[in-house]
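Novice: Residue numbers (the working numbering), protein chains in the order written: chain A, 5 to 292; chain B, 594 to 866.
Ideal placement from N, C-alpha and C gives every residue a C-beta, glycine not left out.
This is the structure I have questions about; it appears just below.
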Amino acid sequence: MTSKGSRALGERKLPPYIPLLFPAVAFMVLMYVWPFISSVIQSFLVEDQPSLANYVKVWELYRKDIVFTFAVTLFNTALTGVVAVMFSVYFRLRQNRISALLSAIFKLPIFIPFVVVSQMMNSFLAPHGLLNTALAQLGIVNLEKPLQLFNFTGLSFGFAWKQIPFAVLIIHGGFQMIDNSYIEAARSVGAKMPSIILRVLVPMNKSSIIVALVLVYSQIIGTFTLPYMLIGGKVPTTITVDIAHRVNYFRDFGVANALGVCSYIMVLFTAAYYLRSKIREARQEVSG
Amino acid sequence: MNRILKKSAELALLVLVFLIVIGPMVSLFLWSIAQKWYWPHPLPQTITFDYWAQALGLKTSLAIGAVSIVSAFTLSLLIAVSTVVIAMAIAVPAGYALAKYKIPFGTIVLFLFLLPNAFPQQPIFVNILQIFTRIGLAGTVPGVMLIHILVGLVYGVWITNATFRSIPPSMEEAARSVGATAFKAFYKISLPLAAPGLFSSAVFVFLTSLDEFTGTFFIGLPFINTLPLTLYSSSGYNMQFASVIALILLVPSVLFMLLIQKVLKAEYVGGMG
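Right under this line is the structure:
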């Protein structure tokens, strides 16, 4: 079997990478590229006729949800960026027992899958959940009127809980590459800490900060579990929840795909940046 | 004085972060043992490990909402193990080829394996559902496996590719120069050197399959109930069982990821679930 196969390959002088790559590439074409192209085409079809009706429906029914999704994503990307940079700077500049403990605690959420995070937040943020009762014990919250968190705020808490540690992992990795001598040089010419952070550390680590934010941004747009289990069908909700409703309740693939294309458009710039930087990185590794 | 102030600020930060990170997990644990937890009590009034026993099939209960997760657990394990075997069988040769050969159109191939990370995957699952419905794969175990392979394959290719890249080509060349065939050089030299990386990549693919929710939700429901889907369906009316399942999913993820994190690039670990 094997010898026959290799002889056949030898006769046609097939380069060895073709049979090695073929299964993976064929799988990706069938299971990713085809559905991807199909999602774009189907969004412009109604009963097999070209039409913009799906997009009209998206505009009529879901424009609030598109704005909501965009708002949640932008807010959380910005929040993650600011908080993660602050923690990463702290971890870079202070190395003691407290910061070591903190960075260990920070690792936990990264490894917990979204479906578990969603269940956690579902019970933790509930009107009578642990957060509200704990805050009530401290006298901050009146349990007759508990904090309602199955909305923008709770969703942001869940995303921040999961994404800030992830961003810290990437950004802190970048800060560790910066040699101490830069900080000392800036200090020796009289620079204060805030200006060292803003003018030396952050600009030198720009690329890993951008990569972290790009990944966080596109992940939040595409996340289904957390908004589905926290907000569900309430208005406003995220596009991902709308897509599931369109498919499960109406078997309406046209509108679901139009919503999907909207989410592609939202990540267009981050996707382009991500793909370009990864391919450049891979090329450098090959030539280097 | 200034130093004491700084130290206490640091300690306050530590406590605050600790509470925020640990709070939701504590909530999950309390719910998994709460027999009676009436509002507005801050803690459950009566606790029991019965939910654990029932969920794990150690005890049969006729209580409303009691679920045994043994069958879901077995199914999840079966799917995860098959996914690892098939995804790795496809990913290892591809990762090796991308690392060792100069491939024309190599950029396009790279591009192909990067796309799923750059764009939302949910619309893909929706369209696969349509295709699978036509060919009878929707709502079947093989259909769900194909989805899990898709999710895992991308990471599998990237991690194995990085692993093989880190092995200097001179090692295989030396083996070839003393007469080893290409296959033997790979099998005897590169494969053992790459073993830790390949193992990490397999563990990672296993975890993505075990924790996969969105794709299984579209392709598998209502017939295929993996652990994450059982979690979801009990979440609405049965916090105790949902919490037990969530904790059962949480433990292997955290343990294995701590084990293999050093081998992984930071950006992979964010793509889970």
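Pick out the complete beta strand (DSSP E) segments inside the segment 202-277 of chain A, 3 residues or longer, and give them in chain order.
Specialist: Those beta strand (DSSP E) runs which fall completely within the segment 202-277 of chain A and span 3+ residues do not exist here.
Novice: Starting from GLN628/B and walking both ways along the beta strand (DSSP E), at which residues does that stretch end?
Specialist: From DSSP, the beta strand (DSSP E) with GLN628/B extends over 627-629.
Novice: At the level of alpha carbons, what is the spacing between GLY772/B and PHE757/B?
Specialist: Straight-line Cα distance between these residues: approximately 22 Å.
Novice: So, is the C-beta of ASN831/B closer than 8 Å to a C-beta in chain A?
Specialist: No, no contact with chain A.
Novice: If I measure Cβ to Cβ from PHE170/A and keep anything under 6 Å in the same chain, skipping five residues before and after, which residues do I get?
Specialist: Hits under 6 Å: ILE114.
Novice: Run through DSSP, which three-state label would ILE662/B get?
Specialist: Looking at ILE662/B - three-state DSSP - the assignment turns out to be coil, as it is neither helix nor strand.
Novice: With 16 as the cutoff for other CB atoms within 10 Å, does PHE810/B come out buried or exposed?
Specialist: By the neighbour-count rule (16 or more Cβ atoms within 10 Å), PHE810/B is buried.
Novice: Can you determine whether any heavy atom of the ligand ADP sits closer than 7 Å to the C-beta of THR242/A, and answer yes or no?
Specialist: Ligands in the displayed structure: none, and consequently the ligand ADP is not present.
Novice: Closer than 7 Å by C-beta to ALA835/B: which residues in its own chain qualify, once you throw out the five before and the five after it? Chain order, please.
Specialist: Correct list, in chain order: LEU824, SER827, SER828.
Novice: Measuring CA to CA, which of ILE760/B, PHE776/B, LEU840/B is closest to LEU24/A?
Specialist: Here the closest residue by C-alpha is PHE776/B.
Novice: May I ask which residues mark the beginning and end of the alpha helix (DSSP H) holding GLY736/B?
Specialist: Here the alpha helix (DSSP H) through GLY736/B covers 734-758.
Novice: In chain A, what lies closer than 7 Å to MET681/B by C-beta?
Specialist: Within 7 Å Cβ-Cβ: nothing; MET681/B doesn't reach chain A, min ~11 Å.
Novice: By the 10 Å Cβ neighbour count, where 16 or more other Cβ atoms means buried, how is SER304/A classified, buried or exposed?
Specialist: Since the first and last residues shown for chain A are 5 and 292, residue 304/A lies out of range.
Novice: Using DSSP with H/G/I as helix, E/B as strand and the rest coil, what is LEU598/B?
Specialist: Residue state, collapsed to three classes: helix.
Novice: Please list the residues of the segment 614-637 of chain B that have a C-beta atom closer than 8 Å to any C-beta atom in chain A, keeping them in chain order.
Specialist: Cβ contacts with chain A come from VAL614, ILE615, GLY616, PRO617, MET618, VAL619, SER620, LEU621, LEU623, TRP624, TRP632, PRO633, HIS634, PRO635.
Novice: Less than 8 Å between CB atoms is the rule here; does TRP63/A satisfy it with respect to chain D?
Specialist: In summary, chain D is missing from the structure at hand, where the protein chains are A and B.
Novice: With a threshold of 7 Å on Cβ separation, who are the neighbours of ILE247/A within its own chain once the five nearest residues in sequence on each side are excluded?
Specialist: So the qualifying residues of the chain are ALA260, LEU263, GLY264.
Novice: Below 8 Å, can you find three or more Cβ-Cβ pairs linking the segment 106-126 of chain A to the segment 844-857 of chain B?
Specialist: The segment 106-126 of chain A, when compared against the segment 844-857 of chain B, does touch it at the 8 Å Cβ threshold.
Novice: In chain A, which residues lie with their C-beta within 9 Å of the C-beta of THR700/B?
Specialist: The answer, in chain order, is ILE283, ALA286, ARG287.
Novice: Give me the chain A residues within the contact set of ALA835/B, using Cβ-Cβ distance strictly less than 9 Å, ordered along the chain.
Specialist: Result: GLN123, ASN126, SER127.
Novice: How would you write the range of the alpha helix (DSSP H) that GLY85/A sits in, first residue to last?
Specialist: First-last of the alpha helix (DSSP H) with GLY85/A: 57-97.
Novice: Can you have a look at TYR278/A and say buried or exposed, based on whether 16 or more other CB atoms are within 10 angstroms of its CB?
Specialist: That one is buried.
Novice: Could you check whether ILE283/A and THR653/B sit closer than 8 Å to each other, using their CB atoms as the reference points?
Specialist: No, they are not a contact pair.
Novice: Show which residues of chain A have a CB atom less than 7 Å away from the CB atom of VAL750/B.
Specialist: Simply ALA28.
Novice: For VAL145/A, which residues of its own chain have a beta-carbon under 8 Å away from its beta-carbon, when the five flanking residues on both sides are left out?
Specialist: Closer than 8 Å at the Cβ level, and outside the excluded window around VAL145/A, lie ASN136, LEU139, LEU151.
Novice: Would you please state the rounded distance, in angstroms, between the beta carbons of VAL87/A and ILE168/A? I believe it to be under 8 Å.
Specialist: That pair is a contact at about 5 Å.
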